[in-house]
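Below: one structure, written as structure tokens.
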Amino acid sequence: MSFWQFQMDDIENFLDSMDNETLSDIFPDKFENASNSEYFDSNATTQILLISMFSPLVLLTFICNIIVCYVVGKNKKMQTVTNVFIVNMSVSDLILVSLNVSLNIARHLAREWTLGDFLCHMLNFSLMLSVYVSTLTLTAIALDRHQVLLYPLQPRITKRISYVIIFAIWFLSILLALPYGIFTRVAEIDFILAKLKRCTTVFPHPAHQWEQALTISTTVLQFFLPVGVIAIAYTRVIQKLWLRTHLGVVTETQRRIEIQKKRKTIKLLVAVMLVFTICWAPINFYHLLTDLHPNRVTFRYNGTAFFVCHWIAVSSSCINPILYCWMNQSFRSEIKKHVTCLRCTLRKRNCSHEVEEPFTKETNSRNRQEARSVSNPLISSSSSSDSRRSERELPKKCRFTCRCTYKLSNV
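What follows is the structure in structure tokens.
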């Protein structure tokens, strides 16, 4: 090995051991035009921690949202306006975890982007599309609850109108997310001692002003405006619920039940507001700080802070179905019914495999006896007793009836 090769290996090992904040102090000119998208970390501990943080979250999000879509899709009684909005939100959450999270982790862990131009464009576009769809859907649910509870005599949103609203939500979300898909591309980044192909955001000149304008508009449209609308709508609903009383004579038991229902509804509404605010505030304030702060180098290169904020934001994708569905009695009963039916069907299938071989000979013998019983009635009683005896000889766990199968097929 030559002297220069040895020196270059030492330099590369040194750079791999440094974090981006330290490197920004050593090479400030190389970091001046970079962004968070250029951050990568070759530290094995960081990679393991990142994967262990996001893997359970992605799995739980998939399970929760697929269950929601399945239950609503299978049961026509569950296809209400609110549940249609919840399914729409679940679809956007599935897009978020299947595209953005996986691509973001790949970009963070790899030195160079090797997944092509299309997936690079989809990286930030899928994130913002999912975020806008979820946010606008949450706002639509809040306005629908406001309309139903404050003005019960006025016409409700029909299912047909809800589909039109969902179409408008997706159309508007695509338009708002389009700049992120256009400005995100594969580019060569001058990183310390080499030029690397990274999936990064490239803004037109003047880039700094474009970035700030996009950050401010996104934060207002995706966070501050929806938080304001949802907070006002649910505050009015809570006031109406707390002050509303039943007409006529009300017993003490009825009054207690009414108070419990009010408290449960109010807790749900407050939980929805808090989850949305807590989950999306960190990532929005992180981008405001990194894009608008005068000292851009110091506040820009902290991959750990970015992914912690990103993890908190993504966690809303699995919290939302739990809030809207598991706290709903009808949803809980439907989920339990489908889970019970699935377990019953699996048990029945396993039992059929277990008893198929041991009873093959006996079944063939019984069929021959039944054929002979047509011509000889004396054999018929003997074959029926043999059949009952073989039923009793089945394994105990296989002697059951899957009563939910018929109901499940008609849902």
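Numbering follows UniProt numbering, with no gaps: position 174 of the sequence shown is 174.
Positions of the beta carbon are idealized from the N, C-alpha and C atoms, including for glycine.
Predicted, not measured: the structure shown is a model, and the values here were computed from it.
Check                                                                                                                             : Outcome
Outcome for His293 when other beta-carbon atoms lying within 10 angstroms are tallied against a minimum of 16                     : exposed
Residues near Ile335 in its chain [Cβ-Cβ closer than 7 Å; skip 5 each side]                                                       : Ile67 and Val71
Distance between Ser315 and Phe203 (C-alpha atoms, nearest Å)                                                                     : 29 Å
Per-residue DSSP class, three states only, for Arg185                                                                             : strand
Rounded separation between His338 and Ser90 - CA only                                                                             : 19 Å
Top-ranked residue by Cα proximity to Ser55, from Cys318, Arg343 and Gln329                                                       : Cys318
Outcome for Ser333 when other beta-carbon atoms lying within 10 angstroms are tallied against a minimum of 16                     : exposed
For Ala168 and Ile174, the rounded distance between their alpha carbons                                                           : 10 Å
Straight-line Cα distance separating Arg347 from Ile238                                                                           : 46 Å
The stretch 76-83 touching the stretch 46-65, judged by at least three CB pairs closer than 8 Å                                   : no
For Arg156 and Val148, believed in contact at Cβ under 8 Å, the rounded distance                                                  : 6 Å
Beta carbon of Cys279 nearer than 7 Å to that of Cys199                                                                           : no
Three-way DSSP call (helix, strand, coil) for Leu115 in this model                                                                : coil
Inter-stretch contact (C-beta, 8 Å, three-pair minimum) for the stretch 256-269 and the stretch 98-116                            : no
Reduced DSSP category for Arg156 - H, G, I as helix; E, B as strand; rest coil                                                    : coil
Per-residue DSSP class, three states only, for Thr201                                                                             : strand
Endpoints, alpha helix (DSSP H) assigned at Lys261                                                                                : Glu252 to Leu292
Residue from Leu138, Lys74, Ile283 and Leu196 with nearest C-alpha to Tyr92                                                       : Note that residue 92 corresponds to Ser in the displayed sequence, not to Tyr. Considering only alpha carbons, the answer is Leu138.
Contacts around Val229, its chain only, beta-carbon distance under 6 Å, and the 5 residues preceding and following it disregarded : Thr139
Member of Arg343, Pro321, Cys325 and His310 whose CA lies at the smallest distance from the CA of Ser102                          : His310
Beta-carbon gap between Ala177 and Phe125 smaller than 7 Å                                                                        : yes
Buried or exposed (CB count within 10 angstroms, at least 16 for buried), Phe331                                                  : buried
Straight-line gap, Gly181 to Met122 (C-alpha atoms, nearest Å)                                                                    : 6 Å
Whole-angstrom distance between Thr45 and Lys267, CA atom to CA atom                                                              : 40 Å
Reference Ser217, options Arg256, Cys344 and Leu288, closest by Cα                                                                : Leu288
Sub-7 Å separation of Ile141 and Phe183 beta-carbons                                                                              : no
Counted within 10 angstroms of its Cβ, other Cβ atoms place Arg145 as buried (16 or more) or exposed                              : buried
Which listed residue (Lys76, Val97, Asn75 and Ile257) has its alpha carbon closest to that of Cys64                               : Val97
Proximity of residue 421 and Val58 at Cβ, strictly below 7 Å                                                                      : The first residue shown for the chain is 1 and the last is 411, placing residue 421 beyond what the model contains.
Identified DSSP bridge partners for Asp144                                                                                        : The partner list for Asp144 (beta bridge, DSSP) is empty, contrary to what the question assumes.
Local Cβ density within 10 Å of Arg256, reported as buried at 16 or more and exposed below that                                   : exposed
Neighbour-count burial assignment, Leu153, 16 or more Cβ in a 10 Å radius                                                         : exposed
Length of the line joining the Cα atoms of Pro358 and Trp170                                                                      : Reliability of the predicted coordinates at Pro358 is poor, the pLDDT of 48 falling under 50, and the value obtained from them is presented with this limitation in mind. Distance between the alpha carbons of Pro358 and Trp170 is about 57 Å.
Counterpart residues of Lys195 in DSSP-defined beta bridges                                                                       : Asp190
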